[in-house]
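Participant:
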Amino acid sequence: MTTPYMLRLQNINYSYHTLHGETNVLKDLSFDLREGEFVAVVGSSGCGKSTLLSIIAGLLAPESGTIAVNNPDGSLHYPRVGYMLQHDHLFEWRSVYKNVILGLEINHMLTEERLNYVNQLLRDYDLDQFRDKRPGELSGGMKQRAALIRTLALDPQLLLLDEPFSALDYQTRLSVSADICRLIRRTGKTMLLITHDLSEAISLADRVIVLSRRPATVKCEIPIHLTLTDDSPLAARNAPEFSSYFNRLWEEIKNEETQG
0 MTTPYMLRLQ
10 NINYSYHTLH
20 GETNVLKDLS
30 FDLREGEFVA
40 VVGSSGCGKS
50 TLLSIIAGLL
60 APESGTIAVN
70 NPDGSLHYPR
80 VGYMLQHDHL
90 FEWRSVYKNV
100 ILGLEINHML
110 TEERLNYVNQ
120 LLRDYDLDQF
130 RDKRPGELSG
140 GMKQRAALIR
150 TLALDPQLLL
160 LDEPFSALDY
170 QTRLSVSADI
180 CRLIRRTGKT
190 MLLITHDLSE
200 AISLADRVIV
210 LSRRPATVKC
220 EIPIHLTLTD
230 DSPLAARNAP
240 EFSSYFNRLW
250 EEIKNEETQG
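Count the sequence shown with numbering that gives the first Met the number 0 and you get residues 0 to 259, in order.
1. In whole angstroms, what is the alpha-carbon distance linking Gly81 and Ala235?
2. Indicate the three-state DSSP secondary structure (helix, strand or coil) for Leu59 in the structure shown.
3. Taking the alpha-carbon positions, what's the His76 to Leu103 distance?
4. My understanding is that Lys48 touches Ile193, with C-beta atoms under 8 Å, so please give their C-beta distance in whole angstroms.
5. Just to confirm before moving on: does the CB-CB distance between Asp154 and Arg79 stay below 8 Å?
6. Buried or exposed for Cys219, please, with buried defined as at least 16 other CB atoms from any protein chain shown within 10 angstroms of its CB.
7. For His16, which residues does DSSP report across the bridge?
8. Output the residue ranges of the beta strand (DSSP E) runs that lie fully inside the region 190 to 238 and measure 3 residues or longer, sorted by chain position.
9. What is the DSSP secondary structure of Met244, counted as helix, strand or coil?
10. Would you call the CB atoms of Thr228 and Pro239 closer than 8 Å?
11. Counting Cβ pairs closer than 8 Å, one from the region 155 to 163 and one from the region 101 to 117, do we hit at least three?
12. Of the choices Phe30, Leu28, Glu36, Asn10, whose alpha-carbon is the least far from that of Ile183?
13. By Cβ distance below 7 Å, which residues in the same chain neighbour Phe90 in space, the five residues on each side in sequence not counted?
14. Cα-Cα, which of Arg113, Ile252, Met190, Asn12 is closest to Val209?
15. Rounded C-beta distance between Leu197 and Leu248? I'm assuming under 8 Å.
16. Measuring only the C-alpha atoms, how far is Arg212 from His88?
17. Can you give, in chain order, each stretch of the beta strand (DSSP E) that sits fully within the region 64 to 112 and has at least 3 residues?
18. Using the three-state DSSP reduction, which class does Asp161 fall into: helix, strand or coil?
19. Just to confirm my understanding: we take Ser242, look at its own chain, exclude 5 residues before and 5 after, and list those with CB closer than 7 Å. What are they?
20. Here's the rule: buried if 16 or more other CB atoms are within 10 angstroms of the residue's CB, otherwise exposed. What is Glu136?
21. Going by CA-CA distance only, name the one from Glu250, His224, Thr216 that's closest to Asn10.
22. Near Leu167, which residues of its chain fall below 8 Å by C-beta distance, leaving aside the five closest residues on each side in sequence?
23. With 16 other CB atoms within 10 Å as the buried threshold, where does Ile105 fall?
24. Does the Cβ of Ala234 lie closer than 7 Å to at least one heavy atom of the ligand MG?
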(Lines of atoms letter the chains of each structure in order from A; the text may use other names.)
(Lines give C-alpha, C1' and ligand atoms only; values in the text may rest on other atoms or scores of the structure.)
Protein backbone atom coordinates (compact mmCIF):
# COMPACT_ATOMS: atom_id res chain seq x y z
CA MET A 0 0.00 0.00 0.00
CA THR A 1 1.39 3.40 -0.99
CA THR A 2 2.03 5.84 1.86
CA PRO A 3 -0.26 8.89 1.52
CA TYR A 4 1.34 12.14 0.52
CA MET A 5 1.99 14.95 2.98
CA LEU A 6 2.35 17.66 0.33
CA ARG A 7 1.53 17.62 -3.37
CA LEU A 8 3.09 20.25 -5.62
CA GLN A 9 1.08 20.76 -8.81
CA ASN A 10 2.31 22.77 -11.80
CA ILE A 11 4.42 25.20 -9.78
CA ASN A 12 5.74 28.17 -11.80
CA TYR A 13 8.07 30.89 -10.58
CA SER A 14 10.13 33.68 -12.18
CA TYR A 15 12.48 36.33 -10.87
CA HIS A 16 11.78 39.85 -12.10
CA THR A 17 14.34 42.66 -12.31
CA LEU A 18 14.65 45.94 -14.17
CA HIS A 19 16.56 44.02 -16.83
CA GLY A 20 13.88 41.44 -17.48
CA GLU A 21 12.40 38.16 -16.34
CA THR A 22 14.18 34.90 -15.47
CA ASN A 23 11.99 31.81 -15.54
CA VAL A 24 13.13 29.49 -12.74
CA LEU A 25 10.44 26.81 -12.26
CA LYS A 26 7.99 25.61 -14.89
CA ASP A 27 5.03 23.28 -14.30
CA LEU A 28 6.93 21.50 -11.54
CA SER A 29 4.97 18.70 -9.86
CA PHE A 30 5.75 15.98 -7.32
CA ASP A 31 4.53 14.51 -4.02
CA LEU A 32 6.20 14.30 -0.63
CA ARG A 33 4.98 11.26 1.29
CA GLU A 34 4.71 10.99 5.05
CA GLY A 35 7.98 9.82 6.62
CA GLU A 36 9.85 9.81 3.31
CA PHE A 37 13.38 11.12 2.68
CA VAL A 38 13.58 12.70 -0.79
CA ALA A 39 16.70 14.18 -2.39
CA VAL A 40 16.55 16.75 -5.20
CA VAL A 41 19.45 17.04 -7.64
CA GLY A 42 20.04 19.04 -10.78
CA SER A 43 22.54 21.22 -12.56
CA SER A 44 23.84 24.33 -10.80
CA GLY A 45 21.42 27.26 -10.91
CA CYS A 46 18.40 25.21 -11.97
CA GLY A 47 16.21 26.47 -9.11
CA LYS A 48 16.62 23.91 -6.32
CA SER A 49 16.91 26.46 -3.51
CA THR A 50 14.03 28.48 -4.95
CA LEU A 51 11.92 25.33 -4.75
CA LEU A 52 12.73 24.93 -1.05
CA SER A 53 11.86 28.58 -0.38
CA ILE A 54 8.45 28.06 -1.98
CA ILE A 55 7.75 24.94 0.06
CA ALA A 56 8.86 26.78 3.21
CA GLY A 57 6.46 29.62 2.43
CA LEU A 58 9.21 32.22 1.97
CA LEU A 59 8.22 32.69 -1.68
CA ALA A 60 4.81 32.41 -3.29
CA PRO A 61 4.52 30.57 -6.62
CA GLU A 62 3.22 32.65 -9.52
CA SER A 63 0.90 29.80 -10.41
CA GLY A 64 0.27 26.24 -9.35
CA THR A 65 -0.83 24.81 -6.01
CA ILE A 66 0.56 23.01 -2.99
CA ALA A 67 -2.04 20.60 -1.64
CA VAL A 68 -1.95 19.36 1.96
CA ASN A 69 -3.14 15.92 3.02
CA ASN A 70 -3.65 15.71 6.78
CA PRO A 71 -4.98 12.44 8.27
CA ASP A 72 -7.61 14.37 10.23
CA GLY A 73 -8.84 16.18 7.13
CA SER A 74 -7.70 19.60 8.35
CA LEU A 75 -6.06 22.13 6.04
CA HIS A 76 -3.22 23.29 8.29
CA TYR A 77 0.21 23.46 6.63
CA PRO A 78 2.88 21.15 8.08
CA ARG A 79 5.30 22.68 10.56
CA VAL A 80 8.45 23.27 8.52
CA GLY A 81 12.07 23.25 9.70
CA TYR A 82 14.59 24.81 7.30
CA MET A 83 18.30 24.00 7.64
CA LEU A 84 20.69 26.02 5.47
CA GLN A 85 24.23 25.47 4.19
CA HIS A 86 25.77 27.47 7.04
CA ASP A 87 24.99 27.02 10.72
CA HIS A 88 24.31 30.75 11.47
CA LEU A 89 25.04 30.25 15.17
CA PHE A 90 25.55 33.39 17.25
CA GLU A 91 29.03 33.54 18.75
CA TRP A 92 27.88 35.57 21.78
CA ARG A 93 25.47 32.82 22.82
CA SER A 94 26.41 29.43 24.24
CA VAL A 95 25.54 26.27 22.32
CA TYR A 96 22.53 25.77 24.60
CA LYS A 97 21.34 29.35 24.14
CA ASN A 98 21.71 28.94 20.38
CA VAL A 99 19.67 25.76 20.15
CA ILE A 100 16.77 27.20 22.18
CA LEU A 101 16.68 30.44 20.17
CA GLY A 102 13.69 29.38 18.06
CA LEU A 103 11.80 28.40 21.19
CA GLU A 104 12.52 31.82 22.69
CA ILE A 105 11.33 33.67 19.60
CA ASN A 106 8.14 31.62 19.41
CA HIS A 107 7.46 31.84 23.17
CA MET A 108 7.67 28.05 23.51
CA LEU A 109 10.11 27.67 26.41
CA THR A 110 8.02 24.99 28.11
CA GLU A 111 9.40 22.25 30.31
CA GLU A 112 8.43 19.66 27.71
CA ARG A 113 10.30 21.48 24.92
CA LEU A 114 13.39 22.07 27.03
CA ASN A 115 13.46 18.41 28.04
CA TYR A 116 13.31 17.54 24.34
CA VAL A 117 16.25 19.88 23.62
CA ASN A 118 18.26 18.24 26.40
CA GLN A 119 17.53 14.83 24.90
CA LEU A 120 18.63 16.05 21.46
CA LEU A 121 21.88 17.39 22.91
CA ARG A 122 22.54 13.93 24.34
CA ASP A 123 21.53 12.13 21.14
CA TYR A 124 23.82 14.31 19.02
CA ASP A 125 26.75 14.11 21.48
CA LEU A 126 26.70 17.82 22.29
CA ASP A 127 25.52 17.76 25.90
CA GLN A 128 29.06 18.19 27.26
CA PHE A 129 29.51 21.24 24.99
CA ARG A 130 26.26 22.99 25.93
CA ASP A 131 28.09 25.86 27.67
CA LYS A 132 30.73 26.33 24.96
CA ARG A 133 30.68 29.06 22.33
CA PRO A 134 30.27 28.10 18.64
CA GLY A 135 33.89 29.11 17.96
CA GLU A 136 35.00 26.27 20.22
CA LEU A 137 33.21 23.63 18.13
CA SER A 138 34.27 21.77 15.01
CA GLY A 139 32.36 22.29 11.76
CA GLY A 140 30.47 19.05 12.21
CA MET A 141 29.48 19.91 15.76
CA LYS A 142 28.19 23.31 14.63
CA GLN A 143 25.96 21.63 12.06
CA ARG A 144 24.64 19.28 14.73
CA ALA A 145 23.83 22.30 16.90
CA ALA A 146 22.07 24.00 13.99
CA LEU A 147 20.01 20.86 13.41
CA ILE A 148 19.01 20.66 17.09
CA ARG A 149 17.88 24.29 16.88
CA THR A 150 15.71 23.28 13.90
CA LEU A 151 14.35 20.12 15.54
CA ALA A 152 13.57 21.89 18.83
CA LEU A 153 10.39 23.29 17.26
CA ASP A 154 9.33 19.74 16.34
CA PRO A 155 8.79 20.31 12.59
CA GLN A 156 6.82 17.77 10.61
CA LEU A 157 8.79 18.52 7.43
CA LEU A 158 12.54 19.13 7.33
CA LEU A 159 13.98 21.09 4.41
CA LEU A 160 17.75 20.63 4.09
CA ASP A 161 19.55 22.97 1.68
CA GLU A 162 22.99 21.36 1.22
CA PRO A 163 23.53 21.36 5.01
CA PHE A 164 26.81 19.44 4.80
CA SER A 165 28.45 21.24 1.87
CA ALA A 166 30.63 23.51 4.05
CA LEU A 167 32.29 20.52 5.75
CA ASP A 168 35.44 18.74 4.60
CA TYR A 169 34.77 15.45 2.83
CA GLN A 170 35.59 13.08 5.70
CA THR A 171 33.56 15.09 8.22
CA ARG A 172 30.73 15.38 5.72
CA LEU A 173 30.49 11.60 5.34
CA SER A 174 30.44 11.02 9.08
CA VAL A 175 28.12 13.89 10.05
CA SER A 176 25.59 13.31 7.26
CA ALA A 177 25.39 9.61 8.13
CA ASP A 178 24.92 10.24 11.85
CA ILE A 179 22.46 13.09 11.45
CA CYS A 180 20.27 11.31 8.93
CA ARG A 181 20.27 8.09 10.96
CA LEU A 182 19.05 10.01 14.00
CA ILE A 183 16.45 11.98 12.05
CA ARG A 184 15.08 8.81 10.49
CA ARG A 185 14.34 7.47 13.96
CA THR A 186 11.85 10.32 14.43
CA GLY A 187 9.92 9.38 11.29
CA LYS A 188 9.98 12.95 9.99
CA THR A 189 9.56 13.77 6.31
CA MET A 190 12.74 15.21 4.77
CA LEU A 191 13.58 17.00 1.52
CA LEU A 192 17.30 17.38 0.80
CA ILE A 193 18.90 19.60 -1.83
CA THR A 194 22.36 18.38 -2.77
CA HIS A 195 24.94 18.49 -5.56
CA ASP A 196 26.51 15.28 -4.26
CA LEU A 197 25.00 12.34 -6.14
CA SER A 198 26.58 9.80 -3.77
CA GLU A 199 24.99 11.61 -0.85
CA ALA A 200 21.59 11.58 -2.54
CA ILE A 201 21.75 7.84 -3.26
CA SER A 202 23.05 6.84 0.18
CA LEU A 203 20.59 8.96 2.18
CA ALA A 204 17.33 9.16 0.23
CA ASP A 205 14.40 6.85 -0.44
CA ARG A 206 13.81 8.63 -3.75
CA VAL A 207 15.82 11.05 -5.90
CA ILE A 208 14.12 13.72 -7.99
CA VAL A 209 16.13 15.04 -10.95
CA LEU A 210 15.32 18.57 -12.10
CA SER A 211 15.87 19.77 -15.65
CA ARG A 212 17.91 22.85 -16.44
CA ARG A 213 16.22 26.21 -15.85
CA PRO A 214 13.31 26.73 -16.02
CA ALA A 215 13.24 23.56 -13.94
CA THR A 216 10.66 20.86 -14.14
CA VAL A 217 10.83 17.29 -12.87
CA LYS A 218 12.83 15.33 -15.43
CA CYS A 219 12.56 12.00 -13.63
CA GLU A 220 12.08 10.40 -10.21
CA ILE A 221 14.25 7.45 -9.21
CA PRO A 222 13.25 5.24 -6.25
CA ILE A 223 16.35 3.98 -4.42
CA HIS A 224 16.44 0.31 -3.40
CA LEU A 225 19.81 -0.87 -2.09
CA THR A 226 20.80 -4.31 -0.90
CA LEU A 227 22.33 -3.65 2.51
CA THR A 228 23.77 -5.80 5.27
CA ASP A 229 24.23 -2.70 7.43
CA ASP A 230 21.41 -0.17 7.18
CA SER A 231 23.54 2.98 7.21
CA PRO A 232 24.41 5.72 4.67
CA LEU A 233 28.08 4.73 4.75
CA ALA A 234 27.30 1.09 4.02
CA ALA A 235 24.97 2.17 1.21
CA ARG A 236 27.96 3.34 -0.83
CA ASN A 237 29.15 -0.27 -1.02
CA ALA A 238 25.79 -1.69 -2.10
CA PRO A 239 25.91 -3.57 -5.44
CA GLU A 240 23.28 -1.25 -6.97
CA PHE A 241 25.06 1.96 -5.94
CA SER A 242 27.20 2.46 -9.05
CA SER A 243 24.23 1.84 -11.33
CA TYR A 244 22.19 4.57 -9.61
CA PHE A 245 25.17 6.93 -9.68
CA ASN A 246 25.75 6.41 -13.40
CA ARG A 247 22.08 6.96 -14.21
CA LEU A 248 21.90 10.19 -12.21
CA TRP A 249 25.16 11.40 -13.72
CA GLU A 250 23.86 10.78 -17.24
CA GLU A 251 20.55 12.53 -16.54
CA ILE A 252 22.30 15.66 -15.24
CA LYS A 253 25.06 15.62 -17.84
CA ASN A 254 22.50 15.42 -20.64
CA GLU A 255 20.72 18.47 -19.22
CA GLU A 256 23.96 20.47 -19.06
CA THR A 257 24.90 19.42 -22.61
CA GLN A 258 21.50 20.53 -23.91
CA GLY A 259 21.93 23.86 -22.15
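Even glycine gets a Cβ: it sits at the ideal position worked out from N, Cα and C.
Facilitator: Taking the structure as given:
1. Taking the first residue of the sequence shown as position 1, residue 81 is located at position 82. Taking the first residue of the sequence shown as position 1, residue 235 is located at position 236. If you take the alpha carbons of Gly81 and Ala235, they lie about 26 Å apart.
2. Here the question's residue 59 lines up with position 60 in the sequence shown. DSSP, reduced to helix, strand and coil, places Leu59 outside both helices and strands of the structure shown, so it counts as coil.
3. Numbered from 1 along the sequence shown, position 77 holds the residue referred to as residue 76. Numbered from 1 along the sequence shown, position 104 holds the residue referred to as residue 103. Each residue's alpha carbon lies about 20 Å from the other.
4. For the purposes of this step, residue 48 is taken as the residue at position 49 of the sequence shown. For the purposes of this step, residue 193 is taken as the residue at position 194 of the sequence shown. Sure, about 5 Å apart at Cβ, within 8 Å.
5. Looking up residue 154 in the sequence shown gives position 155. Looking up residue 79 in the sequence shown gives position 80. Taking 8 Å as the Cβ cut-off, Asp154 and Arg79 qualify as a contacting pair.
6. Counting from 1 along the sequence shown, the entry for residue 219 is found at position 220. It is exposed - the Cβ of Cys219 has fewer than 16 other Cβ atoms within 10 Å.
7. By 1-based counting over the sequence shown, the position of residue 16 is 17. According to DSSP, which records beta bridges pairwise, His16 is partnered with Glu21.
8. 206 to 210, 217 to 222
9. Here residue 244 corresponds to residue number 245 of the sequence shown, with the count starting at 1. Reading off the sequence shown, one finds Tyr at residue 244, where the question assumed Met. For Tyr244, the secondary structure class from DSSP, reduced to helix, strand or coil, is helix.
10. Numbered from its first residue, the sequence shown carries residue 228 at position 229. Numbered from its first residue, the sequence shown carries residue 239 at position 240. Between Thr228 and Pro239, the gap from beta carbon to beta carbon reaches 8 Å or more.
11. no
12. Here the question's residue 183 lines up with position 184 in the sequence shown. The candidate whose alpha carbon is nearest that of Ile183 is Glu36.
13. Walking along the sequence shown from the start, residue 90 turns up at place 91. Result list for Phe90: Asn98, in chain order.
14. For the purposes of this step, residue 209 is taken as residue 210 along the sequence shown, with counting starting at 1. Looking at the Cα atoms, Ile252 is the closest of the given residues.
15. One-based indexing of the sequence shown puts residue 197 at position 198. One-based indexing of the sequence shown puts residue 248 at position 249. That belief holds up - the Cβ atoms of Leu197 and Leu248 are roughly 5 Å apart, short of 8 Å.
16. As a position in the sequence shown, residue 212 is number 213, starting the count at 1. As a position in the sequence shown, residue 88 is number 89, starting the count at 1. Cα-Cα distance, rounded: 30 Å.
17. 80 to 83
18. Residue numbering aside, residue 161 sits at position 162 when the sequence shown is read from its first letter. Here Asp161 sits in strand by DSSP.
19. Position 243 of the sequence shown, counting from 1, holds the residue named residue 242. So no residue of the chain qualifies.
20. The count along the sequence shown starts at 1 and reaches residue 136 at position 137. Under this definition Glu136 is an exposed residue.
21. Within the sequence shown, numbered from 1, the residue matching residue 10 stands at position 11. Among Glu250, His224, Thr216, the Cα nearest to that of Asn10 belongs to Thr216.
22. The residue given as residue 167 occupies position 168 in the sequence shown. Gly139, Gly140, Gln143, Val175, listed in sequence order.
23. Counting from 1 along the sequence shown, the entry for residue 105 is found at position 106. That one is exposed.
24. Inclusion of the ligand MG in the displayed structure is not the case, the ligand content being empty and no account of it being possible.
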